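S.K.: Here's a structure for you.
Numbering (our numbering), first residue to last: 29 to 318.
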């Protein structure tokens with residue numbers, strides 16, 4: 029009688045078949061967690077590690093060979109990345125040879141280290157990320173990224189590196205980034221009035237708080253210090269030619285030729301390009317400057 033009451037109180041909805049199904053499910057889970065003799069003959073977990081390491085080595089070398097590495101990191105780090113890719117491929121090759129010879133290393137990381145995710149799951153995530161990187165080409169940064177960083181006159185000037193500009197260079201040969209760096213050292217715009225300018229960049233949409241006068245656009249370029257994560261935009265205002273200047277969509281690349289002038293942008297006096305010719309161009313293979 030007491031047993032019947034206990035069953036009714038604690039297991040009112042579970043039948044014998046339900047207990048059997050739960051037991052079978054637990055048994056199946058244990059089978060998946062505990063390697064079987066067949067899995068020891070084919071150590072798929074070790075091969076998963078090898079595939080993850082090798083795929084990342086292949087990914088780094090593929091980005092370098094195709095030139096896509098320039099969209100992600102500064103060229104100064106290319107040698108380091110290529111060396112890392114080669115080391116990963118060599119390490120995965122030697123690990124694969126050991127597995128083939130039956131000397132697969134034991135997984136001791138679970139006992140020695142506290143990990144957030146199981147090692148097998150971590151290797152799977154790394155492998156999947158590398159495969160996606162091989163299938164999906166990296167895209168260059170555009171105006172959407174620049175707008176997120178709240179580009180302004182003070183930001184674009186103070187965050188640039190003034191040590192790399194060349195003041196004695198022909199003004200017509202200075203790039204947009206070199207002009208901004210020069211202004212960082214000597215910001216008085218009247219000192220450059222009348223100098224020839226020929227710069228290229230993409231169109232950055234104006235916002236109501238910019239104070240950009242009618243007939244002007246922002247021309248921008250991204251510069252990289254280390255990698256794309258720290259890229260930031262540099263901008264210059266451009267006065268379009270003509271009484272009814274043509275409008276350009278965001279991210280349109282333009283080659284602008286003209287002269288330097290002083291313009292009132294909001295409450296500030298800024299150096300601007302008085303364009304005599306504006307020509308749409310193709311986006312360069314490497315849209316960044318350094």
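We treat Cβ as the ideally placed atom computed from N, Cα and C, and that holds for glycine. None of these values were measured; they are calculated from a predicted model.
For the beta strand (DSSP E) containing residue 305, name the first residue and the last one.
M.R.: Along the chain shown, read from residue 1 onward, the residue named residue 305 stands at position 277. Note, residue 305: beta strand (DSSP E), 296-308.
S.K.: Check for me: the beta strand (DSSP E) holding residue 287 runs from which residue to which?
M.R.: By 1-based counting over the chain shown, the position of residue 287 is 259. Note, residue 287: beta strand (DSSP E), 281-293.
S.K.: Could you spell out where the beta strand (DSSP E) holding residue 251 opens and where it closes?
M.R.: For the purposes of this step, residue 251 is identified with residue 223 of the chain shown, where counting begins at 1. Its beta strand (DSSP E) spans residues 244-251.
S.K.: With which residues is residue 226 paired in a DSSP beta bridge?
M.R.: Along the chain shown, one-based indexing puts residue 226 at 198. Bridge partners of residue 226: 285.
S.K.: Roughly how many angstroms lie between the CA atoms of residue 304 and residue 110, to the nearest whole one?
M.R.: Sequence index remark: in the chain shown, residue 304 carries index 276 (1-based). Sequence index remark: in the chain shown, residue 110 carries index 82 (1-based). Cα to Cα, residue 304 sits roughly 44 Å from residue 110.
S.K.: Below 8 Å CB to CB, which residues in the same chain sit around residue 87 once its five sequence neighbours on both sides are set aside?
M.R.: The residue given as residue 87 occupies position 59 in the chain shown. For residue 87, where only same-chain residues beyond five positions count, the Cβ hits under 8 Å are 113, 158, 161, 162.
S.K.: May I ask you to report which of helix, strand or coil DSSP gives residue 311?
M.R.: Within the chain shown, the letter at position 283 stands for residue 311. Looking at residue 311 - three-state DSSP - the assignment turns out to be coil, as it is neither helix nor strand.
S.K.: Classify residue 316 as helix, strand or coil using the three-state DSSP reduction.
M.R.: The residue you call residue 316 lines up with position 288 of the chain shown. Strand, per DSSP.
S.K.: Taking the beta strand (DSSP E) that residue 265 falls in, what are its first and last residues?
M.R.: As a first step, residue 265 must be located in the chain shown, where it is residue number 237. Where residue 265 is concerned, the enclosing beta strand (DSSP E) stretches over 260-267.
S.K.: Which residue from 289, 318, 235, 283 puts its Cα closest to that of residue 309?
M.R.: The sequence position of residue 309 within the chain shown is 281, counting from 1. Comparing Cα positions, the closest option is 283.
S.K.: Could you say if the region 209-226 and the region 267-278 meet the contact criterion of at least three C-beta pairs nearer than 8 Å?
M.R.: Flag = no, the region 209-226 and the region 267-278 do not touch.
S.K.: Ordered along the chain, which non-local residues of its own chain (more than five positions away) have a Cβ less than 6 Å from that of residue 222?
M.R.: Here residue 222 is taken as the residue at index 194 of the chain shown, counted from 1. So the qualifying residues of the chain are 287.
S.K.: Would residue 115 pass as a contact of residue 255 if the rule is Cβ separation under 8 Å?
M.R.: Reading the chain shown from its first residue, position 87 is the one you call residue 115. Reading the chain shown from its first residue, position 227 is the one you call residue 255. No, the Cβ-Cβ distance between residue 115 and residue 255 is not below 8 Å.
S.K.: Pull up the distance between the alpha-carbon of residue 317 and that of residue 155, whole angstroms please.
M.R.: For the purposes of this step, residue 317 is identified with residue 289 of the chain shown, where counting begins at 1. For the purposes of this step, residue 155 is identified with residue 127 of the chain shown, where counting begins at 1. Taking the straight line from one Cα to the other gives about 32 Å.
S.K.: Distance check for residue 108 and residue 258, CA to CA, integer angstroms please.
M.R.: Here residue 258 corresponds to residue number 230 of the chain shown, with the count starting at 1. Here residue 108 corresponds to residue number 80 of the chain shown, with the count starting at 1. So the alpha carbons of these two residues sit roughly 19 Å apart.
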